[in-house]
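Visitor: My questions will all concern the structure given below.
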(Lines of atoms letter the chains of each structure in order from A and count residues from 1; the text may use other names and numbers.)
(Lines give C-alpha, C1' and ligand atoms only; values in the text may rest on other atoms or scores of the structure.)
Protein backbone atom coordinates (compact mmCIF):
# COMPACT_ATOMS: atom_id res chain seq x y z
CA UNK A 1 0.00 0.00 0.00
CA UNK A 2 1.47 3.36 -1.03
CA UNK A 3 0.75 6.21 1.40
CA UNK A 4 0.02 9.74 0.23
CA UNK A 5 2.82 12.23 0.86
CA UNK A 6 2.75 14.35 4.00
CA UNK A 7 1.94 18.03 3.31
CA UNK A 8 1.96 21.23 5.35
CA UNK A 9 0.82 24.55 3.90
CA UNK A 10 2.39 24.56 0.42
CA UNK A 11 5.24 22.13 1.24
CA UNK A 12 5.01 18.48 0.12
CA UNK A 13 7.54 16.01 1.53
CA UNK A 14 9.41 14.25 -1.33
CA UNK A 15 9.30 11.08 0.82
CA UNK A 16 7.34 10.56 4.04
CA UNK A 17 9.25 10.84 7.32
CA UNK A 18 10.43 7.50 8.75
CA UNK A 19 8.77 7.66 12.16
CA UNK A 20 5.82 9.39 13.80
CA UNK A 21 4.60 9.70 17.35
CA UNK A 22 1.25 11.21 18.26
CA UNK A 23 0.71 12.35 21.84
CA UNK A 24 -1.79 14.38 23.78
CA UNK A 25 -0.55 17.15 26.06
CA UNK A 26 -2.26 18.44 29.19
CA UNK A 27 -1.06 21.27 31.41
CA UNK A 28 -1.22 20.70 35.17
CA UNK A 29 -0.09 23.35 37.67
CA UNK A 30 0.86 22.76 41.27
CA UNK A 31 0.26 25.60 43.73
CA UNK A 32 2.18 25.48 47.00
CA UNK A 33 0.21 26.14 50.17
CA UNK A 34 1.43 26.90 53.67
CA UNK A 35 2.57 24.03 55.90
CA UNK A 36 3.91 21.89 53.04
CA UNK A 37 0.60 21.30 51.30
CA UNK A 38 -0.19 21.88 47.64
CA UNK A 39 -3.13 22.00 45.27
CA UNK A 40 -2.98 20.61 41.75
CA UNK A 41 -4.94 22.42 39.05
CA UNK A 42 -5.80 20.89 35.67
CA UNK A 43 -5.38 23.68 33.10
CA UNK A 44 -6.77 21.48 30.34
CA UNK A 45 -5.63 19.73 27.22
CA UNK A 46 -3.24 21.99 25.34
CA UNK A 47 -2.95 20.22 22.02
CA UNK A 48 -2.34 16.98 20.22
CA UNK A 49 1.29 16.71 19.09
CA UNK A 50 2.68 14.92 16.04
CA UNK A 51 6.43 14.34 16.28
CA UNK A 52 8.72 12.39 14.03
CA UNK A 53 12.02 11.92 12.26
CA UNK A 54 12.93 11.84 8.63
CA UNK A 55 15.78 12.23 6.21
CA UNK A 56 16.54 13.77 2.89
CA UNK A 57 19.13 11.86 0.89
CA UNK A 58 20.78 12.31 -2.46
CA UNK A 59 21.79 15.32 -4.48
CA UNK A 60 20.04 18.43 -3.18
CA UNK A 61 19.25 16.97 0.26
CA UNK A 62 20.38 20.09 2.07
CA UNK A 63 18.45 22.32 -0.33
CA UNK A 64 15.30 20.28 0.43
CA UNK A 65 15.88 20.74 4.17
CA UNK A 66 16.26 24.49 3.63
CA UNK A 67 12.87 24.53 1.82
CA UNK A 68 11.31 22.77 4.83
CA UNK A 69 13.04 25.23 7.21
CA UNK A 70 11.59 28.13 5.22
CA UNK A 71 8.09 26.76 5.90
CA UNK A 72 8.97 26.49 9.62
CA UNK A 73 10.19 30.10 9.74
CA UNK A 74 6.96 31.27 8.05
CA UNK A 75 5.06 30.82 11.32
CA UNK A 76 1.31 30.70 11.82
CA UNK A 77 -1.02 27.73 11.59
CA UNK A 78 -1.55 25.77 8.40
CA UNK A 79 -3.24 22.65 7.13
CA UNK A 80 -1.30 19.47 7.92
CA UNK A 81 -2.11 16.46 5.77
CA UNK A 82 -0.60 13.32 7.24
CA UNK A 83 -0.68 9.97 5.42
CA UNK A 84 -2.45 8.13 8.28
CA UNK A 85 -3.41 10.82 10.80
CA UNK A 86 -6.45 12.99 10.18
CA UNK A 87 -6.04 16.27 8.30
CA UNK A 88 -5.94 19.17 10.76
CA UNK A 89 -4.84 22.76 11.30
CA UNK A 90 -1.52 22.78 13.14
CA UNK A 91 1.47 24.87 14.12
CA UNK A 92 4.94 23.75 13.01
CA UNK A 93 6.59 23.97 16.44
CA UNK A 94 9.97 22.22 16.12
CA UNK A 95 12.54 21.50 13.45
CA UNK A 96 15.93 20.11 14.41
CA UNK A 97 18.88 18.69 12.48
CA UNK A 98 19.89 15.47 14.23
CA UNK A 99 23.43 15.28 12.82
CA UNK A 100 25.76 17.64 11.06
CA UNK A 101 24.30 18.15 7.57
CA UNK A 102 26.21 16.62 4.70
CA UNK A 103 25.81 17.77 1.09
CA UNK A 104 23.82 14.64 0.20
CA UNK A 105 22.20 13.64 3.53
CA UNK A 106 20.21 15.44 6.24
CA UNK A 107 18.52 13.71 9.17
CA UNK A 108 15.93 15.82 11.02
CA UNK A 109 13.25 15.82 13.73
CA UNK A 110 10.02 17.77 13.63
CA UNK A 111 6.91 18.47 15.70
CA UNK A 112 3.47 19.90 14.97
CA UNK A 113 0.92 21.01 17.58
CA UNK A 114 -2.72 20.77 16.54
CA UNK A 115 -4.51 24.12 16.47
CA UNK A 116 -8.01 22.72 16.93
CA UNK A 117 -10.59 23.75 19.49
CA UNK A 118 -11.10 26.87 21.51
CA UNK A 119 -7.97 26.39 23.61
CA UNK A 120 -5.69 26.99 20.63
CA UNK A 121 -7.78 29.55 18.78
CA UNK A 122 -6.58 33.11 18.96
CA UNK A 123 -9.44 35.48 19.63
CA UNK A 124 -8.60 39.08 18.87
CA UNK A 125 -11.06 41.91 19.27
CA UNK A 126 -10.42 45.54 18.43
CA UNK A 127 -11.65 48.08 20.95
CA UNK A 128 -13.91 49.70 18.38
CA UNK A 129 -15.65 46.36 17.79
CA UNK A 130 -15.98 45.89 21.53
CA UNK A 131 -18.04 49.02 21.93
CA UNK A 132 -15.80 52.08 21.92
CA UNK A 133 -12.30 52.86 23.02
CA UNK A 134 -10.72 54.87 25.76
CA UNK A 135 -8.31 57.67 24.95
CA UNK A 136 -4.91 56.30 23.99
CA UNK A 137 -6.21 52.80 23.17
CA UNK A 138 -7.68 53.40 19.70
CA UNK A 139 -6.69 50.48 17.47
CA UNK A 140 -5.59 48.38 20.43
CA UNK A 141 -5.84 44.60 20.00
CA UNK A 142 -6.95 42.16 22.67
CA UNK A 143 -6.91 38.42 23.28
CA UNK A 144 -9.54 36.71 25.42
CA UNK A 145 -7.88 34.07 27.58
CA UNK A 146 -9.17 30.52 27.16
CA UNK A 147 -8.44 27.47 29.31
CA UNK A 148 -4.84 26.34 28.87
CA UNK A 149 -3.51 29.76 27.78
CA UNK A 150 -0.35 31.14 29.35
CA UNK A 151 0.98 34.67 29.04
CA UNK A 152 4.16 33.23 27.53
CA UNK A 153 2.20 31.39 24.79
CA UNK A 154 0.09 34.48 24.04
CA UNK A 155 3.28 36.55 23.72
CA UNK A 156 4.91 33.95 21.45
CA UNK A 157 1.86 33.74 19.15
CA UNK A 158 1.81 37.52 18.78
CA UNK A 159 5.53 38.17 18.30
CA UNK A 160 6.07 39.96 21.59
CA UNK A 161 7.40 39.27 25.09
CA UNK A 162 5.81 38.61 28.46
CA UNK A 163 7.46 41.80 29.74
CA UNK A 164 5.80 43.86 26.98
CA UNK A 165 2.39 42.27 27.71
CA UNK A 166 2.80 43.00 31.44
CA UNK A 167 3.56 46.64 30.62
CA UNK A 168 0.35 46.85 28.55
CA UNK A 169 -1.70 45.02 31.19
CA UNK A 170 -1.06 46.46 34.67
CA UNK A 171 -4.17 44.62 35.91
CA UNK A 172 -2.19 41.34 35.70
CA UNK A 173 -0.61 41.15 39.15
CA UNK A 174 1.05 37.76 38.57
CA UNK A 175 2.06 36.83 34.98
CA UNK A 176 1.88 33.15 35.95
CA UNK A 177 -1.84 33.44 36.73
CA UNK A 178 -4.26 34.41 34.01
CA UNK A 179 -7.79 33.11 33.87
CA UNK A 180 -10.27 32.11 31.13
CA UNK A 181 -12.40 35.09 30.10
CA UNK A 182 -9.74 37.65 31.08
CA UNK A 183 -8.83 40.13 28.33
CA UNK A 184 -5.16 40.69 27.59
CA UNK A 185 -4.17 43.78 25.64
CA UNK A 186 -1.75 42.88 22.80
CA UNK A 187 -0.97 46.34 21.40
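Numbering (the working numbering), first residue to last: 31 to 217. Don't be surprised by glycine CBs; every beta carbon is placed ideally from N, CA and C.
#1: From residue 48 to residue 80, what distance separates their C-alpha atoms?
#2: Throw me the rounded Cβ distance for the residue 133 and residue 177 pair, which I believe falls under 8 Å.
#3: Excluding the five sequence neighbours on either side, which residues of its own chain have a C-beta within less than 6 Å of the C-beta of residue 219, listed in chain order?
#4: Excluding the five sequence neighbours on either side, which residues of its own chain have a C-beta within less than 7 Å of the C-beta of residue 205, listed in chain order?
#5: Residue 130 to residue 88, Cα distance in whole Å?
#6: Consult DSSP for residue 120 and reduce its assignment to one of helix, strand or coil.
#7: Looking at residue 84 and residue 51, is the spacing between their C-beta atoms short of 8 Å?
#8: What are the start and end residues of each continuous alpha helix (DSSP H) run of 4 or more residues lying completely inside the region 173-199, in chain order?
#9: If you count every other CB in all the chains shown that lies within 10 Å of the CB of residue 120, and 16 or more means buried, which is it?
Guide: This is what the structure gives:
#1: For the purposes of this step, residue 48 is taken as the residue at position 18 of the chain shown. For the purposes of this step, residue 80 is taken as the residue at position 50 of the chain shown. So the two alpha carbons sit approximately 13 Å from each other.
#2: Your numbering for residue 133 matches position 103 in the chain shown. Your numbering for residue 177 matches position 147 in the chain shown. Not a contact, Cβ separation roughly 48 Å.
#3: In the structure as shown, the chain begins at 31 and stops at 217. Residue 219 is therefore absent and cannot be evaluated.
#4: Along the chain shown, one-based indexing puts residue 205 at 175. Correct list, in chain order: 181, 192 and 196.
#5: The residue you call residue 130 lines up with position 100 of the chain shown. The residue you call residue 88 lines up with position 58 of the chain shown. Roughly 15 Å between the two C-alpha positions.
#6: Start at 1 with the first residue of the chain shown, and residue 120 comes out as number 90. Under the three-state reduction of DSSP output, residue 120 falls in the strand class.
#7: Translated into the one-based positions of the chain shown, residue 51 becomes position 21. Translated into the one-based positions of the chain shown, residue 84 becomes position 54. Residue 84 sits away from residue 51, with the two beta carbons spaced by 8 Å or more.
#8: Fully enclosed alpha helix (DSSP H) runs of no fewer than 4 residues occupy 181-187 and 192-198 of the region 173-199, in order along the chain.
#9: Mapped onto the chain shown, residue 120 falls at position 90. Classification for residue 120: buried.
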